[in-house]
Amino acid sequence: MADSDIQHQCSNPQCQVAQTGTCAEGHEPLTSCPNIRPVPDDDLSIYEEETGSINENEESVDDYKALPSGEALLSEEVETFLLWRPAVFVTIIGDSYSGKTTMICSLYDRLLRGEFCNFSFAGSRTLVAFEKCLHYSRIDSGRKTPETPRTAISEGLGYFHLGLRQQGSNNSRIDLLFSHRAGEPYDKIRSNLNIIPTLPEITKANIISLLLDGGRLVDIYDRNNAIQSVRQTLRALIDSGSIDSSSIVQIITTKLDLVNTITGQHKIRDFIRKFQEDLIRDFSPRLLELSFWEIAARDPTGELKPAHGLGRLLEEWTKPRIQHKLPVYSSPSLKTEFDCLLERTPLKDAL
Amino acid sequence: MGLPRSGKTTFLAALGHLISAGEVATRLSLYKLEGNNAYLDSITEAWRRCECVPRTSIASETKISIHLQDLNTNNRFILDFPDLSGESFEEQFSSRRCKIDYINNYEKEGGILLFINADRCQDGITHLDLYPALDTTDVHETSSSEQDWSPKFVPEQVRLVDLLQFLLRPPFVRRLRRVAVLISAWDVILDPDLLPIDWLARELPFLYYFLMNNPELFNFQVFGVSAQGGDIRGEQRAQLARQLPSQRIQCIGSNAEPHDITAPLIWLNGIE
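Structure representation (structure tokens):
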């Protein structure tokens, strides 16, 4: 049956594929869109039941068991995961096209090749999600130049997972969960703080990584907007109370290869330095840590090694001090005699 | 376990001959024939003629039971091989489901024979790998042959890791498993000093580190195996056909005699 003969439906309410036959996000063929599903053809089912055309020897769905999808983890799957083992949450915030997905996928790509900065692969629940994001940077994709697929707003929040072992130290396993969502909601939080509580990855974070788009820094007309968007995002997060003096924030300049190759590079360097000094002056006292990093995930010229700067970041993310934040519960007020019995009971004996 | 053309059926054919022919010394030998052995006989006959052993399709999946005797201890036991086709493993990865029978097999005693073909194409190559050979002068140019992602583009080592990872979560029982990694077509390896485990670390590092970093889940050994003994598609075929069939077989690995491909089975079953 041709693709055009099949009825489709989409979980994105803004997509009219059922009526128009065209994906709102431009996926072609339609089956490549993660939100689109074929509509079960009831007429065909009835016909097959009546005529007995279903082969009785065929294996039924009951003969099979579903296996994990390998896609990005949803919030509820993350909660299940945390019951099994602790993890470090790295929340990556950046405007659209700032390189959020490319950064994480370049790290995965390095691990495919063996040890990376003394870390090696121990497991991942999201291999399919990694592979989808890495596809267009591979020769097999048929592309002439590498690309990272744009994350759709409709995908919502997901998490990439990496289990690693660090050689040398105590060789213990470390699990990292990287938030993954489209840049548009992050674009909006500067002007509307009410959006922030709808982004659970921010309060859940052990580390907030704010991306400064190096591609915009080399554009003289856009560089001021680029740094101000990072500054205002940080201010919005602090003023909303989403992050505080217990928070670790990293400002990561992406696409360093572009910054390094531009004429008048020293001026951009000065510009970045001034921006960093201002941030330290204005926000550092309100945070536990504020640090600055530079990466080049994928330098097409080959001047910088793939995943340049990510090794040091990985070491930072996996420092033993960082642990998944446990919820802090305030003690309930004990009023009744029965409650007071709890206070009088030595817990050691009770346990 | 193994993807298509990884050497599963050829190994089984060579094993079928080796344990029954008595041509060379092996630790395990055939104790008795039982049941229907037509499939094993047909692939073994093709192997003896130095022909390509017919690959197992999903439709022709056959469970094979071989009654063996350990010549050192005289202990007898039955080896069950669910001769799964490579396509069924491919489908398991792409459709994210598996047969209930497959799950039940993993609840029994025994281990996993994981097949990888040494005569393989490099996969997962990125644009950065080819720089500066790749022409990147027009960075905005897109190719008309651009293809959307599908599971077929996932590198072999990633697929094998995910197949092993399936065993760590329900519906499978999470427990320590023995894995004998068999590098088939070992005859294509020109370096006589290269150990199979070093080949695995060099060629499939993602899989290698996954196994190394999960010792509480996978106890693994790597063997280099040449079930055919050489390239049967070219001039070497006649030369191979003149040899004693069992002597065509090569096995490199821990405690393995040169022609004894029962060594991985012995290790897998924890026989001392």
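Residue numbers (this note's numbering), protein chains in the order written: chain A, 710 to 1060; chain B, 463 to 734. Just so you know, even glycine gets a beta-carbon here, dropped at the ideal spot from N, CA and C.
*Under a Cβ-count criterion, where at least 16 other Cβ atoms within 10 Å of its own Cβ denotes burial, should residue 761 of chain A be classed as buried or exposed?*
As a working note, residue 761 of chain A is residue 52 in the first sequence. Summary for residue 761 of chain A: the model assigns pLDDT 37, below 50, so the residue's position carries little reliability; its value from the coordinates is reported in the next sentence. Exposed, because fewer than 16 other Cβ atoms sit within 10 Å of the Cβ of residue 761 of chain A.
*Interface partners of residue 593 of chain B on chain A, CB under 8 angstroms*: By 1-based counting over the second sequence, the position of residue 593 of chain B is 131. Here the neighbours are 1009, 1010, 1011.
*Do you know whose CA, among B/564, B/642, B/526, B/472, lies nearest residue 498 of chain B's CA?*
Translated into positions along the second sequence, residue 498 of chain B becomes position 36. Closest option to residue 498 of chain B, Cα to Cα, is B/526.
*chain A within 9 angstroms of residue 578 of chain B, Cβ atoms only*: Residue numbering aside, residue 578 of chain B sits at position 116 when the second sequence is read from its first letter. By this cut-off, residue 578 of chain B is not an interface position.
*Roughly how many whole angstroms lie between the Cα atoms of residue 950 of chain A and residue 842 of chain A?*
In the first sequence, the residue the question calls residue 950 of chain A occupies position 241. In the first sequence, the residue the question calls residue 842 of chain A occupies position 133. Distance between the alpha carbons of residue 950 of chain A and residue 842 of chain A is about 33 angstroms.
*asked:* Classify residue 495 of chain B: buried if its beta carbon has 16 or more other beta carbons within 10 angstroms, exposed otherwise.
replied: For the purposes of this step, residue 495 of chain B is taken as residue 33 along the second sequence, with counting starting at 1. By the C-beta density criterion, residue 495 of chain B is exposed, having fewer than 16 other C-beta atoms within 10 angstroms.
*Taking the alpha-carbon positions, what's the residue 856 of chain A to residue 821 of chain A distance?*
As a working note, residue 856 of chain A is residue 147 in the first sequence. As a working note, residue 821 of chain A is residue 112 in the first sequence. Distance between the alpha carbons of residue 856 of chain A and residue 821 of chain A is about 18 angstroms.
*asked:* Quick check: is the beta carbon of residue 1015 of chain A nearer than 9 angstroms to any beta carbon in chain B?
replied: Counting from one through the first sequence, the residue named residue 1015 of chain A turns up at place 306. Interface residue, yes.
*asked:* Can you find the residues in the same chain that come closer than 6 angstroms, C-beta to C-beta, to residue 684 of chain B, ignoring five residues on each side of it along the sequence?
replied: Here residue 684 of chain B refers to the residue found at position 222 of the second sequence. Closer than 6 angstroms at the Cβ level, and outside the excluded window around residue 684 of chain B, lie 643, 658, 659, 662.
*Measure the beta-carbon distance from residue 871 of chain A to residue 940 of chain A and round it to whole angstroms, keeping in mind my assumption that it falls under 8 angstroms.*
The count along the first sequence starts at 1 and reaches residue 871 of chain A at position 162. The count along the first sequence starts at 1 and reaches residue 940 of chain A at position 231. That belief does not hold up - the Cβ atoms of residue 871 of chain A and residue 940 of chain A are roughly 30 angstroms apart, past 8 angstroms.
*Apply the 10 Å Cβ neighbour rule to residue 479 of chain B and answer buried if 16 or more other Cβ atoms are within range, or exposed otherwise.*
In the second sequence, the residue the question calls residue 479 of chain B occupies position 17. That one is buried.
_Whether residue 888 of chain A touches residue 968 of chain A by CB criterion (9 angstroms)_ = To locate residue 888 of chain A, count along the first sequence from 1; it is residue 179. To locate residue 968 of chain A, count along the first sequence from 1; it is residue 259. No.
*Over what stretch of residues does the beta strand (DSSP E) that includes residue 868 of chain A continue unbroken?*
Along the first sequence, read from residue 1 onward, the residue named residue 868 of chain A stands at position 159. Residues 867 to 875.
*Can you have a look at residue 830 of chain A and say buried or exposed, based on whether 16 or more other CB atoms are within 10 angstroms of its CB?*
Counting from 1 along the first sequence, the entry for residue 830 of chain A is found at position 121. Flag for residue 830 of chain A reads buried.
*For the alpha helix (DSSP H) containing residue 679 of chain A, list its first residue and its last residue.*
This structure gives no information on residue 679 of chain A, because the portion of chain A shown stretches from 710 to 1060.
*Under the three-state reduction of DSSP, which class applies to residue 1049 of chain A: helix, strand or coil?*
The count along the first sequence starts at 1 and reaches residue 1049 of chain A at position 340. If DSSP states are grouped into helix, strand and coil, residue 1049 of chain A belongs with the helices.
*At 7 angstroms on the CB atoms, spell out the chain A contacts of residue 607 of chain B, in chain order.*
Within the second sequence, the letter at position 145 stands for residue 607 of chain B. By Cβ distance, chain A contributes 851.
*Would you say residue 660 of chain B faces chain A, with C-beta separation under 9 angstroms as the test?*
What you label residue 660 of chain B is simply residue 198 of the second sequence in a count that begins at 1. Not one chain A Cβ lies under 9 angstroms of residue 660 of chain B.
*Flag residue 891 of chain A as yes if its beta-carbon sits less than 9 angstroms from any beta-carbon of chain E, otherwise no.*
The structure shown has no chain E; the protein chains it does contain are A and B.
*Could you run through the stretch 767 to 794 of chain A and flag, in chain order, every residue whose CB is less than 7 angstroms away from some CB of chain B?*
772, 773, 774, 775, 776, 777, 778, 779
*Look at the alpha carbon of residue 764 of chain A and the alpha carbon of residue 549 of chain B, and state the distance between them as a whole number of angstroms.*
The residue labelled residue 764 of chain A in the question sits at position 55 within the first sequence. The residue labelled residue 549 of chain B in the question sits at position 87 within the second sequence. Confidence is the limiting factor: at residue 764 of chain A the pLDDT is only 41, short of 50, which leaves the residue's position unreliable, though a coordinate-based value still follows. Between residue 764 of chain A and residue 549 of chain B, the C-alpha separation is close to 22 angstroms.
*So does the stretch 710 to 721 of chain B actually touch the stretch 676 to 690 of chain B, counting three or more Cβ pairs closer than 8 angstroms?*
yes
*Thinking C-beta only, is residue 1004 of chain A closer than 9 angstroms to residue 952 of chain A?*
Here residue 952 of chain A corresponds to residue number 243 of the first sequence, with the count starting at 1. Here residue 1004 of chain A corresponds to residue number 295 of the first sequence, with the count starting at 1. It is not a contact, given that the beta carbons lie outside the stated cut-off.
*asked:* Against chain A, which members of the stretch 662 to 689 of chain B pass a CB distance test of less than 7 angstroms?
replied: 667, 668, 671, 672, 675, 676
*Nearest residue (CA-CA) to residue 827 of chain A, options B/653, B/675, B/468*: As a first step, residue 827 of chain A is located in the first sequence; it is residue number 118 there, counting from the start. Of the candidates B/653, B/675, B/468, the one whose C-alpha sits nearest the C-alpha of residue 827 of chain A is B/675.
_Less than 8 angstroms separating the Cβ of residue 780 of chain A from some heavy atom of the ligand PLP?_
As far as ligands go, the structure on display features none, and thus does not contain the ligand PLP.
*Which two residues bound the contiguous beta strand (DSSP E) that contains residue 662 of chain B?*
Indexing the second sequence from 1 puts residue 662 of chain B at position 200. Run containing residue 662 of chain B: none in the beta strand (DSSP E); it sits in the alpha helix (DSSP H), 658 to 665.
*So with Cβ pairs under 9 angstroms, would you call residue 613 of chain B a contact of chain A?*
Your numbering for residue 613 of chain B matches position 151 in the second sequence. It does; some Cβ of chain A falls within 9 angstroms.
_Nearest candidate by alpha-carbon position, reference residue 997 of chain A, set A/970, A/985, A/958_ = By one-based count along the first sequence, residue 997 of chain A stands at place 288. Ranking the options by Cα distance to residue 997 of chain A, first place goes to A/958.
*Measure from the alpha carbon of residue 808 of chain A to the alpha carbon of each residue in A/965, A/785, A/784, then state which is nearest.*
Against the first sequence, residue 808 of chain A aligns to sequence position 99. Checked all of A/965, A/785, A/784; the closest Cα to residue 808 of chain A is A/965.
*Where the alpha helix (DSSP H) containing residue 553 of chain B begins and where it ends*: The count along the second sequence starts at 1 and reaches residue 553 of chain B at position 91. Bounds of the alpha helix (DSSP H) holding residue 553 of chain B are 548 to 557.
*Classify residue 889 of chain A as helix, strand or coil using the three-state DSSP reduction.*
The residue you call residue 889 of chain A lines up with position 180 of the first sequence. Strand, per DSSP.
_DSSP three-state assignment for residue 1000 of chain A, whether helix, strand or coil_ = Walking along the first sequence from the start, residue 1000 of chain A turns up at place 291. Three-state DSSP puts residue 1000 of chain A in a strand.
*Looking only at its own chain, which residues have a Cβ that is under 8 angstroms from the Cβ of residue 703 of chain B, when we skip the five neighbours before and after it?*
Residue mapping note: residue 703 of chain B aligns to position 241 of the second sequence, counting from 1. Answer for residue 703 of chain B: 511, 512, listed in chain order.
*Distance, Cα to Cα, residue 909 of chain A vs residue 788 of chain A?*
For the purposes of this step, residue 909 of chain A is identified with residue 200 of the first sequence, where counting begins at 1. For the purposes of this step, residue 788 of chain A is identified with residue 79 of the first sequence, where counting begins at 1. When rounded, the distance between both Cα atoms is 12 angstroms.
*Of all the CB atoms in chain A, is at least one closer than 9 angstroms to the CB of residue 544 of chain B?*
Taking the first residue of the second sequence as position 1, residue 544 of chain B is located at position 82. Chain A, which has no Cβ nearer than 9 angstroms to the Cβ of residue 544 of chain B, makes this no.
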